[in-house]
Structures are given as structure tokens and as C-alpha cells.
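Novice: Structure incoming, see below.
Number of protein chains: 2
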Amino acid sequence: MLEHMRDYYTPGEIAERFDLTLDTLRYYEKAGLLRRVDRAPSGHRRYRTDDVELLHLIRCLRDTDMPIARLREFAELVRDGDHTIPERLEVLQEHKNRLDDRIAELVDRQGAIEHKIDYYLGVLAERAAETAHTLKDVN
Amino acid sequence: MLEHMRDYYTPGEIAERFDLTLDTLRYYEKAGLLRRVDRAPSGHRRYRTDDVELLHLIRCLRDTDMPIARLREFAELVRDGDHTIPERLEVLQEHKNRLDDRIAELVDRQGAIEHKIDYYLGVLAERAAETAHTLKDVN
DNA sequence: CCTTGACCTGGAGCGCACTCCAGGTCCCAT
DNA sequence: ATGGGACCTGGAGTGCGCTCCAGGTCAAGG
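Protein chains in written order, with the numbering used here: chain R, 1 to 139; chain H, 140 to 278.
Written out as C-alpha cells, the structure reads:
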């Protein structure tokens, strides 16, 4: 249990945990998705628990194609404190709407592609039947 | 009925129909997604019914994030004739698998985002309740 | 004859999200 | 003290998918 309550995480640990490269992690920081991260005396970054939590959400939103710029706006709201919760909510709800639409679109196209696959399968089946027929005639 | 059987369509018509720009249409042709399209004596493009059909599928596959390079491969198979149907089938099936996975991922993230929205809504509700309570005390 | 509008060409440019690199520091183990 | 590994910096480069542009042609209408 205590292992899970560590105060700090190294860049390598974070990169592995979120399947990001160190470069991407630094890029996110530069882009303002993360606050200026803490440092060890060596100068190496040390991520805190709340960085991890925010990264979790960031990952989730990026995976659903929220652009970096929008993500930065959201991260700024988080940094500005609890009074921005209504605005954060608005961002998330708007994103969810987009996502719902996108999923609906993908499902729709999925159907069309399936249909095309079935069509091709039908062509192949017919072709196979014809070949069988020919063989029957010949033999 | 006869209107729908026209032999040729102008670039403008096609662009509108598929919600693509003329630039994109030309880009697709250069990229090998479409064969070298027919021309009017003036040099203007004239799209045939089978261009339209292929574009339909291309649009569907692009909308589901098939990369241009893969689309070009597919288009080449189409140009190579009916004997490539098994390979086309493979491309489509592999793409459908990717798409299924992608949809599953999005739905998963959708749930996480919804959860976060609910969390924020909870915070706001609690805050509203506290305010009401304070007012009650004061009044 | 002149304008307008649709389209043509080749090639440059753009926005996004990384990704890579050179050259450096720090710390630990052999 | 030497080597290796993890990490640092600023800045350049990459890949993708368009998107824009200059300068032109062509056909129809006034």
C-alpha cells in the first residue's frame, strides 16, 4: 500500500505508465498542459500525484482527439482553482458531445464497410460456385 | 430517374456531393486514390459514375481514418481488376478490425469522461447545498 | 469585345503533434 | 576514475493531409 503513496515519480516511470515518450512529456509541459513540474536537486523532473491525476485525464482527452490547444485551456482552468469548475464542466460536456457524434459517425461507417465486405464475400462465393459448376460439367 | 444516370459529373458537383474541396479532389487524384480522371475538350475534369462510387468508399474509409497511403494501395487493387477482390477484402477486414478497436477505445474513454463530468456536477451540487445551508443559518 | 465563373497547372506553404538531436550534467556501480 | 544510464536544454526536423496561390484557359452571357 505504501508503495502506491509515493510523493514523486520519475519521468521514466510516468512515460511508461502513460505510454508516452520523455519527449512528449516535456512537450506537454512546454505546451502548458502541465504546470512547471518540480525538480530534484539534479535538475531531473519529479512528478507529483496530482500531476499524475491530471495526466490521466489529459491522456483520456487526447485519446479522444481533443486538440492540444483546448487541453491547454482546460489545464489552465485547473491551475486557476476550484472556482473554474463550471467552465471545466462546459469544456468536458462540449467535448463529450463531439465524442458522441464522432462515435455515432464511426459506427455508421462501420456498417457501410461491413456491407462492402459482405458484398465482396458474395462475389467470391458466387465465383466459387461457378468454378464448381464448371468442374461438374467437365467431369 | 434519367437525371441520376448522367455519364459525367463536374468537379464542382463532386466536391459538393462529397463535401470535399476542389483542391482535395485533385490531391486525391495526384495521390493515386483516383485514376487519371477523364477530361472535357476544355481540359476540365469529368468524373464518371464509377469514380463516384469509388469516391464514396474512399470517403467512408477516410472518415474512419484510413491513411492516404493505404487508400492508394486499395485503389490500385481496384484498378487491377476483379482478381484482386481477395486482397481488397483483406484490406477492408483489417481496417474494420482497427475501427472496431478504435470504437471500443472511444466508448471506454467516453465512460471515463462522463464519470468526470458527474464528479464535477457532484462538487457543484455540494457547493450549492452549502450555500443554501449558510443562507438558512444567516436568515 | 469584355467580363465572369468554373476550372486548369505546378509548386509552395501550413497546422498539428510530435520526434529527434547535439551536447551537456548528475549519480551510482565497478 | 571510468563507464553507463537517466535525464537535461534549445532548437531543428518530420510526416500527414491538406490548402493556398499565381498565372493561365475556356465557354457563355451581355
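All C-beta atoms, glycine included, are put in the ideal place defined by N, C-alpha and C.
Measuring straight from C-alpha to C-alpha, what distance separates alanine 15 of chain R and threonine 21 of chain R?
Specialist: Distance between the alpha carbons of alanine 15 of chain R and threonine 21 of chain R is about 6 Å.
Novice: According to DSSP, simplified to helix, strand and coil, what is arginine 237 of chain H?
Specialist: Three-state result, arginine 237 of chain H: helix.
Novice: Would you mind stating whether arginine 8 of chain R and arginine 46 of chain R have Cβ atoms separated by less than 7 Å?
Specialist: First, the amino acid is wrong: residue 8 of chain R is tyrosine here, not arginine. The answer is yes: Cβ separation under 7 Å.
Novice: Would you verify that the beta carbon of threonine 270 of chain H is, or is not, closer than 7 Å to some beta carbon of chain R?
Specialist: It does not: the Cβ of threonine 270 of chain H has no partner Cβ on chain R nearer than 7 Å.
Novice: State the DSSP-derived secondary structure class of aspartate 38 of chain R, mapped to helix, strand or coil.
Specialist: Here aspartate 38 of chain R sits in strand by DSSP.
Novice: Just to confirm, are isoleucine 256 of chain H and leucine 92 of chain R a CB contact at a threshold of 7 Å?
Specialist: Their beta carbons are under 7 Å apart, which means isoleucine 256 of chain H touches leucine 92 of chain R by this criterion.
Novice: Can you grab the Cα-Cα spacing for the pair arginine 201 of chain H / isoleucine 207 of chain H, in whole Å?
Specialist: Near 8 Å, if we compare the C-alpha coordinates of isoleucine 207 of chain H and arginine 201 of chain H.
Novice: How many whole angstroms separate the CB atoms of leucine 34 of chain R and aspartate 51 of chain R, which I take to be in contact at a CB cut-off of 8 Å?
Specialist: Sure, about 6 Å apart at Cβ, within 8 Å.
Novice: Chain R partners of glutamine 251 of chain H, CB-CB under 7 Å?
Specialist: Reading off the sequence, residue 251 of chain H comes out as alanine, not glutamine. Correct list: Cys60.
Novice: Between the region 117–131 of chain R and the region 210–227 of chain H, do at least 3 Cβ pairs fall closer than 8 Å?
Specialist: Flag = yes, the region 117–131 of chain R and the region 210–227 of chain H touch.
Novice: Should leucine 20 of chain R be flagged as near chain H, meaning a C-beta pair shorter than 7 Å?
Specialist: With 7 Å as the cut-off, leucine 20 of chain R does not count as an interface residue toward chain H.
Novice: Quick check on threonine 203 of chain H - is its C-beta less than 7 Å from some C-beta in chain R?
Specialist: Yes, contact with chain R.
Novice: Secondary structure at arginine 6 of chain R, three-state DSSP: helix, strand or coil?
Specialist: Arginine 6 of chain R: coil per DSSP, three-state reduction.
Novice: Is valine 262 of chain H close to chain R, meaning its C-beta is less than 7 Å from at least one C-beta of that chain?
Specialist: Cβ-Cβ to chain R under 7 Å: yes for valine 262 of chain H.
Novice: Who are the near neighbours of glutamate 76 of chain R in its chain, counting only those whose CB is closer than 6 Å to its CB and skipping five residues on each side?
Specialist: Once the five neighbours on either side are set aside, glutamate 76 of chain R has no close Cβ partner at all.
Novice: Using a 10 Å radius around the Cβ and a threshold of 16 neighbouring Cβ atoms, would you call histidine 234 of chain H buried or exposed?
Specialist: Burial call: buried.
Novice: According to the neighbour-count rule (16 or more other Cβ atoms, all chains shown, within 10 Å of its Cβ), is tyrosine 119 of chain R buried or exposed?
Specialist: The residue is exposed, with fewer than 16 neighbouring Cβ atoms inside 10 Å.
Novice: Give the residues of chain R in contact with isoleucine 242 of chain H, contact being defined as C-beta atoms less than 8 Å apart.
Specialist: Residues of chain R passing the Cβ test: Ile103, Leu106, Val107 and Gln110.
Novice: Taking buried to mean at least 16 other C-beta atoms within 10 Å of its own C-beta, is arginine 109 of chain R buried or exposed?
Specialist: Arginine 109 of chain R is buried by the Cβ-count criterion.
Novice: Any Cβ of chain R within less than 7 Å of the Cβ of isoleucine 207 of chain H?
Specialist: Output row for isoleucine 207 of chain H: interface = no.
Novice: Using a C-beta to C-beta distance shorter than 9 Å, which residues of chain H count as neighbours of leucine 57 of chain R?
Specialist: Correct list: Ala251, Ile252 and Lys255.
Novice: For lysine 141 of chain R, go through chain H and note every residue whose CB falls closer than 9 Å to its CB, in chain order.
Specialist: The displayed coordinates of chain R run from 1 to 139. Any statement about residue 141 of chain R would go beyond what the structure contains.
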